[in-house]
Structures are given as C-alpha cells and as structure tokens.
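For reference, the structure discussed in these notes is given below.
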Amino acid sequence: MGGVAFALLEWSNPETLGTLTTGEKLWASWFQGVTPRTAGFNTVNTGGMHDSSTMLTMTLMVVGGGSTSTAGGIKVTTLAVLLLATVAFFRRRTVLHAFGRSIGLEEVMKVMALTTTSLLLVLTGIFIVSISHDGNFMDLAFEVTSAFGTVGLSRGATGELDGFGRAVIIFTMFIGRVGPLAIGFFLATRSVPRVKYPSGQIYLG
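Counted the way the working numbering counts, the sequence shown spans residues 43 to 247.
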C-alpha cells in the first residue's frame, strides 16, 4: 500500500519519479514504500518529494515493521490493535477479538501507552529541534521521525543542526531503538492500590 500511494503522489514529479521509465517508477515506488520501515536506503531524492509524500514516508517510519523484526517504530501489530479497538468501540463491543482470539484490556492499554509515548516523543523532539534551528519545518520533522524509527533517511537537515539539535536526534534514535515501553517498564514500579474508587463518567468532545 505504501508503494502504491508513493507512486500515485510522485509519478510526475521530475525530482523523484518523473524522469524514470514506467518499470523504474514501479520498482522505485515499491522500494520507497518498504525502506521507511527501517532500511534507510533511498532510490529517489527524498529532499525533492512533495509534502504529501513526505508525510506518507513519515507515517511509515512511525509505524515501522513487524513486532519480531529489527525494525523501529511502534510496529504494525500495534497499529492493527489500535484500529481494531477503534472499530470495537464504535460497534459498542466491550471485548476485542481478532483472528479467533480475544485481546485483553491490559494488552490494549500497552498499545495505547506505546503509541501515546511514541507520538509525544516525536512531537517533543520536533518542537525542541525547531527551537534550536530555524529551518524548513517539514525537513526538521522528517529528521526527527527518521531518528525515532531508526530508519536513516534524511532530507539533509541534520547536517545543518547545531550540537544541541544533533543531541536531540541521537536521544530520539536511542529511545526509538530501545523502545519507550521498555524504558517505561524499567523506570516504573508495580504497586497494588490500597483504595478502590467508584467508577466515574468522563465527557468527551
């Protein structure tokens, strides 16, 4: 799906796919749909991509690859559980089912914690880097997202950062590699609540 979307967005862009033959466009699009998962190689000029393609690539870098792979990101299974939980909510289901198995509340909470922590980390990294370096916002966001996903793709903005900005990139890459949940579990202490409070109603929207 990523390769198809990339082809549709960049097919006529002279800075990426526009000058290639049809076969080369298809191969390059397929490769650019796979490489954001963790590979870090590129067959086109990432700095010449449209903003829409850049956003697509950033999304793929945040999602990453499979849970048992060496890819970065929140992982495909995490995204799948999030989507399944969302569908279950709108269908008014209290139990989440997938492929003949039920997914417990604790697993869903792990997924939510991982996704929330990861997104906060990426957004905070982008915010801090944009403070220390007044450059193209899309380029800076791309560098931070690539660091979190341990991908290695770049639009050339990292070389323009100062020492502090590069330190943020290094820290983001370290957290993205080790995993927000792993660090959270290491720092957290498990405790049994002594008081049980009554359920409350939260109004959303």
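For each residue, glycine too, the CB sits at the ideal point set by N, CA and C.
For residue i, count the other beta carbons within 10 Å of its own beta carbon; 16 or more makes it buried, fewer makes it exposed. Which is it?
{"i": "K117", "result": "buried"}
{"i": "A189", "result": "buried"}
{"i": "I212", "result": "exposed"}
{"i": "R133", "result": "exposed"}
{"i": "I244", "result": "exposed"}
{"i": "F184", "result": "buried"}
{"i": "V210", "result": "buried"}
{"i": "M91", "result": "buried"}
On the premise that residue j lies in contact with residue i, defined as a C-beta separation below 8 Å, what is that separation, rounded to the nearest angstrom?
{"i": "T85", "j": "G114", "result": "About 20 Å; that fails the 8 Å criterion."}
{"i": "V186", "j": "T214", "result": "6 Å"}
{"i": "S172", "j": "L182", "result": "6 Å"}
Does any heavy atom of the ligand ATP sit closer than 7 Å to the C-beta of residue i?
{"i": "S71", "result": "As far as ligands go, the structure on display features none, and thus does not contain the ligand ATP."}
Skipping 5 residues on each side, what residues in its chain have a beta carbon closer than 6 Å to that of residue i?
{"i": "S26", "result": "Because the chain spans 43 through 247 in this model, residue 26 falls outside it and cannot be assessed."}
{"i": "G207", "result": "V171, S174, H175"}
With DSSP collapsed to three states, give me the class of residue i.
{"i": "I244", "result": "coil"}
{"i": "A140", "result": "strand"}
{"i": "I212", "result": "helix"}
{"i": "I116", "result": "coil"}
In chain order, what residues of the same chain have a beta carbon less than 8 Å from the beta carbon of residue i, not counting five sequence neighbours either side?
{"i": "L62", "result": "A70"}
Looking only at its own chain, which residues have a Cβ that is under 7 Å from the Cβ of residue i, when we skip the five neighbours before and after it?
{"i": "D204", "result": "S174, H175"}
task = Count the CB pairs spanning the region 122 to 141 and the region 150 to 159 that are closer than 8 Å, and state whether there are at least three.
result = yes
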